[in-house]
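A short worksheet on the structure shown next.
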Amino acid sequence: MTEITYEGKKYRFSTWSLVLFPIGTIIGYFAIYYITEAFGVWIHWFVAEQTAWLLRLFGVGVNVVPVSTFPIPSPLYEGRLVWWQFEVLIKPPGITPYLSTISFTHDCSGFQAIAMFLALILFIPHSQDMNANRGIWRRKTLSIVVSTLLFHVVNVLRMVIQLSLYAGGANWDDIHYSISAASSIIAVLIIVLMNRWVPEFILSIMVIGKRIGTFFKGLKKNRLPVEHQLPDEKSTDFSPENNTSENSLDLK
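Take any residue in the sequence shown, note its place counting from 1, add 15, and you have its number in the numbering used here.
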């Protein structure tokens with residue numbers, strides 16, 4: 016079993032927890048995403064109203080209105096439902112102002128990113144060492160709360176910027192995709208925070224990578240003739256004072 020020493024604590028993960036990590040994250044993501052979509056009529060209204068309130072503070076004419084048929088299939092995402100729309104007063108330079116509508120789908124709520132990180136955090140493997148495992152659920156809960164709030168705030172600000180530019184006459188497709196891609200950088204900040212509070216996230220990925228590498232090295236060794244076989248793997252413990260373990264890494 017591979018062991019990693021990090022900040023004076025020893026992290027050992029069971030094979031079962033390492034296998035469950037990616038599988039559980041994928042299944043958990045879809046489960047959380049579609050369960051929250053079932054309550055979309057309320058979630059979407061909550062997020063859309065916050066966005067519209069901020070826009071009105073800056074003098075942008077926008078309202079959240081129900082769709083004419085309740086609900087209707089989204090014209091943007093086949094099979095998705097739209098309960099609410101932004102009714103935006105467009106004021107392009109030199110042209111008479113006019114009203115335009117932007118449909119609000121589940122992806123606009125930010126729950127796509129929230130569901131991914133929620134599932135990811137829930138299925139992060141726990142160390143089998145009791146000292147390293149101390150407070151794991153408290154640390155996971157903190158990560159979930161902070162990441163959810165960050166994604167929500169950034170998502171609302173993203174829509175505020177997009178709709179303000181749209182109200183000024185900008186092309187919706189140009190601002191929608193470019194600003195959405197730029198706002199995804201918040202995921203990097205979340206990963207940094209997760210490594211601070213739940214280092215098991217990065218450490219378990221390192222262990223998975225090491226085991227996969229060892230597996231393929233074994234395959235290569237078994238395929239070589241006896242006289243060309245690779246030597247046995249030596250210690251991978253980078254700690255000068257503790258290099259006796261065959262599969263130990265010491266990260267300072």
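For each residue, glycine too, the CB sits at the ideal point set by N, CA and C.
Query raised in the report: Can you list, in chain order, the stretches of the alpha helix (DSSP H) that have 4 or more residues and sit fully within the segment 56-141?
Result: With a minimum length of 4 residues, the continuous alpha helix (DSSP H) runs that stay inside the segment 56-141 are 126-137.
Query - Other residues of its chain near Asn210: CB distance less than 8 Å, five sequence neighbours each side excluded - result: Taking Asn210 as the centre and dropping the five residues before and after it, the same chain places the C-beta of Phe216, Ile217 closer than 8 Å to its C-beta, in chain order.
Query raised in the report: Taking the C-alpha atoms as reference points, what is the distance between Thr111 and Ile38?
Result: Approximately 54 Å between the Cα atoms of the pair.
Query raised in the report: Per DSSP, which one or two residues make a beta bridge with Tyr192?
Result: For Tyr192, which the question treats as bridged, DSSP gives no partner whatsoever.
Requested in this report: Could you tell me which of Ile58, Ile205, Ile117, Arg27 sits nearest to Phe132, measuring between CA atoms?
Outcome: Phe132 has its Cα closest to that of Ile205, out of Ile58, Ile205, Ile117, Arg27.
Query - Through-space distance from Arg173 to Lys24, alpha-carbon basis - result: In a straight line, the C-alpha of Lys24 is about 40 Å away from that of Arg173.
Query raised in the report: Got a sec, what are the start and stop residues for the beta strand (DSSP E) Ile19 sits in?
Result: 18-21 is the extent of the beta strand (DSSP E) around Ile19.
Query raised in the report: Of the residues Leu69, Pro107, Arg226, Ile139, which one's Cα is nearest the Cα of Asn170?
Result: Considering only Leu69, Pro107, Arg226, Ile139, the residue with the shortest C-alpha distance to Asn170 is Leu69.
Report task. Please state whether DSSP places Arg27 in a helix, a strand or coil. Result -> In this structure, Arg27 counts as strand in the three-state DSSP scheme.
Query raised in the report: Rounded to the nearest angstrom, how far is the Cβ of Val222 from that of Ile19, given a contact under 8 Å?
Result: So it is a contact: roughly 7 Å between Cβ atoms.
Report task. Assuming Gly184 and Pro81 form a contact by the criterion Cβ under 8 Å, report the distance between their Cβ atoms to the nearest whole angstrom. Result -> Not confirmed; about 26 Å, so no contact.
**Report entry** Contacting residues, own chain, Cβ-Cβ under 6 Å from Phe116 (five flanking each side not counted)
**Finding:** As written in the sequence, residue 116 is Thr, which differs from the Phe given in the question. Gln100, Glu102.
Query raised in the report: Secondary structure at Met221, three-state DSSP: helix, strand or coil?
Result: Under the three-state reduction of DSSP, Met221 is assigned to helix.
Query - Residue range of the alpha helix (DSSP H) that includes Val213 - result: Val213 -> no alpha helix (DSSP H), and no H or E assigned at all.
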